[in-house]
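Chains as they are written, first to last, in the numbering used here: chain E, 310 to 473; chain B, 4 to 433.
Please read the structure below before turning to the comments.
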Amino acid sequence: MGILSSVTRSDIETFLFEEAELLDSWQLEQWRELFTNECTYVVPNLALPGDTPVDGVLHLIVDDGHHLSERVKRLGKKTAHAEFPHSRCRRLITNVRITERGESQLRASSNFITYRTSQQVTDTYFGQHQYRFVEQEGRLRIIEKRTILDIGSLRPQGRLSIIV
Amino acid sequence: MIDSSSLASRTKASLDIDEAAGIFRVARSNYVDPEIFRAEMENIFSKCWLYVGHESELKSNDSFEARRVGGRPVIFLRDKQGQIRCFLNVCPHRGAQITRHRSGRARNFSCIYHGWTFENTGKVRLVTEADTYSSSFHGEGRNDLVAVPRFEQYRGFWFLNYDKQAISLHDYLAGAREYIDLVVDQSEEGMTVVEGVQEYSARANWKMLAENSTDVLHVETLHPTYLDLIRTNSGGTMVRGKLNGGGVALGQGHAVVEREATYGRPVAQWISLWGEQAKVEIDQIYSRLVAKFGQDKAHRMATRSRNLLIFPNLVINDIMSITVRTFQPVCEDYMEVSVWSLAPKEEIGKPAMQRRLTNFLEFLGPGGFATPDDIEALESCQRAFAAYREAPWNDLSKGFGAPESHPTDEITQRAFWLAWQERLCGKGAG
Numbered sequence: 310m311g312i313l314s315s316v317t318r319s320d321i322e323t324f325l326f327e328e329a330e331l332l333d334s335w336q337l338e339q340w341r342e343l344f345t346n347e348c349t350y351v352v353p354n355l356a357l358p359g360d361t362p363v364d365g366v367l368h369l370i371v372d373d374g375h376h377l378s379e380r381v382k383r384l385g386k387k388t389a390h391a392e393f394p395h396s397r398c399r400r401l402i403t404n405v406r407i408t409e410r411g412e413s414q415l416r417a418s419s420n421f422i423t424y425r426t427s428q429q430v431t432d433t434y435f436g437q438h439q440y441r442f443v444e445q446e447g448r449l450r451i452i453e454k455r456t457i458l459d460i461g462s463l464r465p466q467g468r469l470s471i472i473v
Numbered sequence: 004m005i006d007s008s009s010l011a012s013r014t015k016a017s018l019d020i021d022e023a024a025g026i027f028r029v030a031r032s033n034y035v036d037p038e039i040f041r042a043e044m045e046n047i048f049s050k051c052w053l054y055v056g057h058e059s060e061l062k063s064n065d066s067f068e069a070r071r072v073g074g075r076p077v078i079f080l081r082d083k084q085g086q087i088r089c090f091l092n093v094c095p096h097r098g099a100q101i102t103r104h105r106s107g108r109a110r111n112f113s114c115i116y117h118g119w120t121f122e123n124t125g126k127v128r129l130v131t132e133a134d135t136y137s138s139s140f141h142g143e144g145r146n147d148l149v150a151v152p153r154f155e156q157y158r159g160f161w162f163l164n165y166d167k168q169a170i171s172l173h174d175y176l177a178g179a180r181e182y183i184d185l186v187v188d189q190s191e192e193g194m195t196v197v198e199g200v201q202e203y204s205a206r207a208n209w210k211m212l213a214e215n216s217t218d219v220l221h222v223e224t225l226h227p228t229y230l231d232l233i234r235t236n237s238g239g240t241m242v243r244g245k246l247n248g249g250g251v252a253l254g255q256g257h258a259v260v261e262r263e264a265t266y267g268r269p270v271a272q273w274i275s276l277w278g279e280q281a282k283v284e285i286d287q288i289y290s291r292l293v294a295k296f297g298q299d300k301a302h303r304m305a306t307r308s309r310n311l312l313i314f315p316n317l318v319i320n321d322i323m324s325i326t327v328r329t330f331q332p333v334c335e336d337y338m339e340v341s342v343w344s345l346a347p348k349e350e351i352g353k354p355a356m357q358r359r360l361t362n363f364l365e366f367l368g369p370g371g372f373a374t375p376d377d378i379e380a381l382e383s384c385q386r387a388f389a390a391y392r393e394a395p396w397n398d399l400s401k402g403f404g405a406p407e408s409h410p411t412d413e414i415t416q417r418a419f420w421l422a423w424q425e426r427l428c429g430k431g432a433g
């Protein structure tokens, strides 16, 4: 029996809590290791439905594995000015569910609120994370993550400089 | 309260220009003073041509887009006969918005408050309990939607003007028309706005984004993480170095910086990340441009980038992708930014579109590798401008009065400020 058939909702919840902890503590290289090498990380356009396909549409973030690794590298640099000094963030993860269990993949979702404080201004981001997991070397790995923000526009947040 | 003459003297004093000494400075109070902001709303945002939208956004008859332009709510629409129009989004009756949707399709608009209804030509269709009004109340056109005073287009880009007496859009665009042409002519079938607007904001004065959008001096210092990315993407072939090109003032406060592109361009400069098939496609696009426009112009279109500012608040940057960016001042220290991606129609459904959008997102937008750092810099300036009494001047002297121009000279910013001053104080100011 593979991990995909035995994993419980609670296991997924633990995984997502640990993911949030890695992001909150700016351990972004370790966070990148939660993903497969080839993967996608998408933040769809806020003015369009959250399930809008990637192709031919202007979204906010559409990273493949290469770009996600480069994004992590960028955020580790002092010259990523929007995030240096690092903002302080806290991610609240809730409503965790397994939404589909297939033979080769598992889908799950969580609702979230992310608070970000920088330069004495606090911004709030909220929405839903949608994941597609696969098994790799006996461990769950994220092959796709889609972060649907329900904030309509980035006003007044102005930026999506963190991994929400 | 300040009267207009003291405002004129304040804004006159708000630039410090000494060409012989090569000094061009801008008072920081211009970014923080609410009186200046009010004067801008009257003298710039009620008098200049302001960008509304691109014709391709209105895909079919009855399509509409609701947006804010110059602080007013407007509806940009294609009516039932196909004519593109622009109305104030306010009910002639008691003032509720005619539509509260950001976009959609509607043949008629019905006000939620008391039910007055209008055709998308603007004509009133229903006045609630019409027979209880006097007969003269229903005079021809009296209760129709209010159209914006002036509404004109250039090559598919629609602009409004709240001043009936304004010069034509064609004349207003002046030297900027050539640069709009260089964008639009890249397409065989015409340009289209890609689905999806990016809407964000900055806690900063709007003029800083006008300055920033054609500022290439900041690229090395503010955006090294982007430069690292493009070096990786190009297999090390795109390297930092001398930027050949420079800034040009185009009249009316419009300005452009044109220079050799140090990144891949969908039309038409190939990078290794895109693969060999893309090289074939890009070579074909390049050959088509040569056949149509000749070697020199094709080379210019394909391998040079252009950051174009159309005064006061439209940017068309034809860089690693084409972005159409407009920013609406809300108050002296906050603006709303709307951004679209423009693409040749023939790229729809093709790999070329994905290259274009990937290029876009790598640099541009609130999740890009560069734009968040621009926003950070602008907001940092706004916070620091609180020191304007003791540290009163911003410096834009680079290359001012110099015999030779350099690509990173602050020519475009100076052109913007001179037009700004003329708008606020009249001709001959300063």
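Backbone N, C-alpha and C define an ideal beta-carbon position, used for all residues, glycine too.
A quick note: this is a predicted structure, and the numbers were derived from the prediction, not measured.
Is the stretch 185-203 of chain B touching the stretch 290-308 of chain B in the sense that three or more CB pairs, one from each, lie closer than 8 Å? Yes: the two stretches touch, three or more of their Cβ pairs being nearer than 8 Å.
Output needed for G3 (chain B): all residues of its chain with C-beta closer than 6 Å, excluding positions within five of it in sequence on either side, in chain order. This structure cannot settle anything about residue 3 (chain B), because the visible part of chain B is limited to 4 through 433.
Check whether the stretch 328-346 of chain E and the stretch 369-382 of chain E touch, using three or more Cβ-Cβ pairs below 8 Å as the test. Yes: the two stretches touch, three or more of their Cβ pairs being nearer than 8 Å.
Just the C-alpha distance for I313 (chain B) and I322 (chain B), rounded to the nearest angstrom, thanks. For this step, residue 313 (chain B) is matched to residue 310 along the second sequence. For this step, residue 322 (chain B) is matched to residue 319 along the second sequence. CA-CA distance, I313 (chain B) to I322 (chain B), rounds to 16 Å.
Show which residues of chain E have a CB atom less than 7 Å away from the CB atom of E2 (chain B). Shown here, chain B extends from 4 to 433; a query on residue 2 (chain B) therefore has no answer.
Can you tell me where the beta strand (DSSP E) with E2 (chain B) in it begins and where it stops? Coverage of chain B is limited to positions 4 through 433, which leaves residue 2 (chain B) absent and any answer about it impossible.
Among all the DSSP beta bridges, which residues are the ones paired with S419 (chain E)? Locating residue 419 (chain E) in the first sequence gives position 110, where the first residue counts as 1. In DSSP, S419 (chain E) forms a bridge with E:H438.
Just list the residues that DSSP pairs D432 (chain E) with in beta bridges. Taking the first residue of the first sequence as 1, we reach residue 432 (chain E) at position 123. Bridge partners of D432 (chain E): E:R425.
In chain A, which residues lie less than 7 Å from G352 (chain B) when you measure between Cβ atoms? You won't find chain A in this structure, because its protein chains are E and B.
Touching by the beta-carbon criterion (3+ pairs, under 8 Å), the stretch 100-120 of chain B and the stretch 50-70 of chain B: Inter-segment contact for the stretch 100-120 of chain B and the stretch 50-70 of chain B is present: three or more beta-carbon pairs are separated by less than 8 Å.
Compare the C-beta of S470 (chain E) with all C-beta atoms of chain B and state if any pair is closer than 9 Å. Mapped onto the first sequence, residue 470 (chain E) falls at position 161. Answer yes: the Cβ-Cβ gap between S470 (chain E) and chain B drops below 9 Å somewhere.
Who are the Cβ neighbours of D166 (chain B) in its own chain at under 6 Å, not counting the five residues just before and after it? Within the second sequence, residue 166 (chain B) is the residue found at index 163, counting from 1. Cβ neighbours of D166 (chain B) within its own chain (closer than 6 Å, five residues either side excluded): K50.
Here's the rule I'm using: 16 or more other beta-carbon atoms within 10 Å means buried, otherwise exposed. How should K454 (chain E) be labelled? Position 145 of the first sequence, counted from the first residue, corresponds to residue 454 (chain E). With 16 or more other Cβ atoms within 10 Å, it is buried.
Between which two residues does the beta strand (DSSP E) holding P354 (chain B) run? Locating residue 354 (chain B) in the second sequence gives position 351, counting from the first residue. Following the DSSP letters along the chain, one finds P354 (chain B) in no beta strand (DSSP E) but inside the alpha helix (DSSP H) bounded by residues 354-366.
Based on the DSSP secondary-structure assignment, which residues constitute the bridge partners of E198 (chain B)? Within the second sequence, residue 198 (chain B) is the residue found at index 195, counting from 1. E:V366.
What residues in its chain sit with their C-beta under 6 Å from that of R441 (chain E), if we drop five residues either side in the sequence? To locate residue 441 (chain E), count along the first sequence from 1; it is residue 132. If we look at R441 (chain E) and ignore the five residues flanking it on each side, its Cβ neighbours are Q414, R416, I452, E453.
Could you compute how far the alpha carbon of P76 (chain B) sits from the alpha carbon of V93 (chain B)? Here the question's residue 76 (chain B) lines up with position 73 in the second sequence. Here the question's residue 93 (chain B) lines up with position 90 in the second sequence. Rounded to the nearest angstrom, the gap between the Cα atoms of P76 (chain B) and V93 (chain B) is 8 Å.
With DSSP as the reference, identify every bridge partner of T329 (chain B), one or two as the case may be. Here residue 329 (chain B) is taken as the residue at index 326 of the second sequence, counted from 1. Its beta-bridge partners are B:L317, B:S341.
Using the Cβ count rule (16 or more neighbours within 10 Å means buried), how would you classify A387 (chain B)? Indexing the second sequence from 1 puts residue 387 (chain B) at position 384. If you draw a 10 Å sphere on the C-beta of A387 (chain B), you find fewer than 16 other C-beta atoms in it, and that means exposed.
Using a Cβ cut-off of 7 Å, pull out every chain E residue sitting near F372 (chain B), in sequence order please. Here the question's residue 372 (chain B) lines up with position 369 in the second sequence. At a C-beta separation below 7 Å, F372 (chain B) has these neighbours in chain E: R383.
Shortest alpha-carbon distance to A271 (chain B) belongs to which of B:C384, B:A301, B:G278? As a position in the second sequence, residue 271 (chain B) is number 268, starting the count at 1. Minimum Cα distance to A271 (chain B) is reached at B:A301.
At the 9 Å Cβ level, is R380 (chain E) part of the contact set with chain B, yes or no? Translated into the one-based positions of the first sequence, residue 380 (chain E) becomes position 71. Yes, R380 (chain E) lies at the interface with chain B (some Cβ there is under 9 Å from its Cβ).
Would a check of beta-carbon distances place E412 (chain E) closer than 9 Å to chain B? Counting from one through the first sequence, the residue named residue 412 (chain E) turns up at place 103. Cβ-Cβ to chain B under 9 Å: no for E412 (chain E).
Grouping DSSP H, G and I as helix and E and B as strand, with all else coil, what is C384 (chain B)? Position 381 of the second sequence holds residue 384 (chain B). Reduced to three states, the DSSP call for C384 (chain B) is helix.
Quick check: what's the CA-CA separation for R328 (chain B) versus R383 (chain E)? Taking the first residue of the second sequence as 1, we reach residue 328 (chain B) at position 325. Taking the first residue of the first sequence as 1, we reach residue 383 (chain E) at position 74. Rounded to whole angstroms, R328 (chain B) to R383 (chain E) spans 25 Å at the Cα level.
In this structure, how does DSSP classify Y175 (chain B) when only helix, strand and coil are distinguished? Sequence index remark: in the second sequence, residue 175 (chain B) carries index 172 (1-based). In the three-state reduction of the DSSP assignment, Y175 (chain B) falls in the helix class.
Backbone CA spacing between R309 (chain B) and S324 (chain B) [nearest angstrom]: Position 306 of the second sequence holds residue 309 (chain B). Position 321 of the second sequence holds residue 324 (chain B). Distance from the CA atom of R309 (chain B) to the CA atom of S324 (chain B), rounded to whole angstroms, is 11 Å.
According to DSSP, what are the bridge partners of I26 (chain B)? Taking the first residue of the second sequence as position 1, residue 26 (chain B) is located at position 23. Paired residue(s): B:D21.
Let's test the definition: count the other Cβ atoms within 10 Å of the Cβ of T323 (chain E) and tell me whether it reaches 16, buried, or not, exposed. Translated into the one-based positions of the first sequence, residue 323 (chain E) becomes position 14. So T323 (chain E) counts as exposed.
With 9 Å as the threshold, decide whether the Cβ of V316 (chain E) is near any Cβ in chain B. Locating residue 316 (chain E) in the first sequence gives position 7, where the first residue counts as 1. False, the Cβ-Cβ gap to chain B never drops below 9 Å.
By alpha-carbon positions, which one of B:Q280, B:D36, B:A169 ends up nearest to P152 (chain B)? Looking up residue 152 (chain B) in the second sequence gives position 149. Checking every option, the nearest Cα to that of P152 (chain B) belongs to B:A169.
For N123 (chain B), the nearest candidate out of B:I115, B:A109, B:T135, B:D134 (CA to CA): Counting from one through the second sequence, the residue named residue 123 (chain B) turns up at place 120. The option with the nearest alpha carbon to N123 (chain B) is B:A109.
Strand pairing of E261 (chain B), partner residues [DSSP]: Counting from 1 along the second sequence, the entry for residue 261 (chain B) is found at position 258. When beta bridges are read from the DSSP output, E261 (chain B) appears opposite B:G249, B:R309.
Return yes when the Cβ of N320 (chain B) is within less than 9 Å of the Cβ of S171 (chain B), no when it is not. The count along the second sequence starts at 1 and reaches residue 171 (chain B) at position 168. The count along the second sequence starts at 1 and reaches residue 320 (chain B) at position 317. In this structure, S171 (chain B) lies away from N320 (chain B), with their beta-carbon atoms at least 9 Å apart.
Test: N346 (chain E) CB closer than 9 Å to a CB of chain B: The residue given as residue 346 (chain E) occupies position 37 in the first sequence. Using beta-carbon distances, N346 (chain E) does not count as an interface residue toward chain B, since no partner is under 9 Å.
Output the distance between the C-alpha atoms of W52 (chain B) and G125 (chain B), rounded to the nearest integer angstrom. Locating residue 52 (chain B) in the second sequence gives position 49, counting from the first residue. Locating residue 125 (chain B) in the second sequence gives position 122, counting from the first residue. Their backbone Cα atoms lie some 22 Å apart in a straight line.
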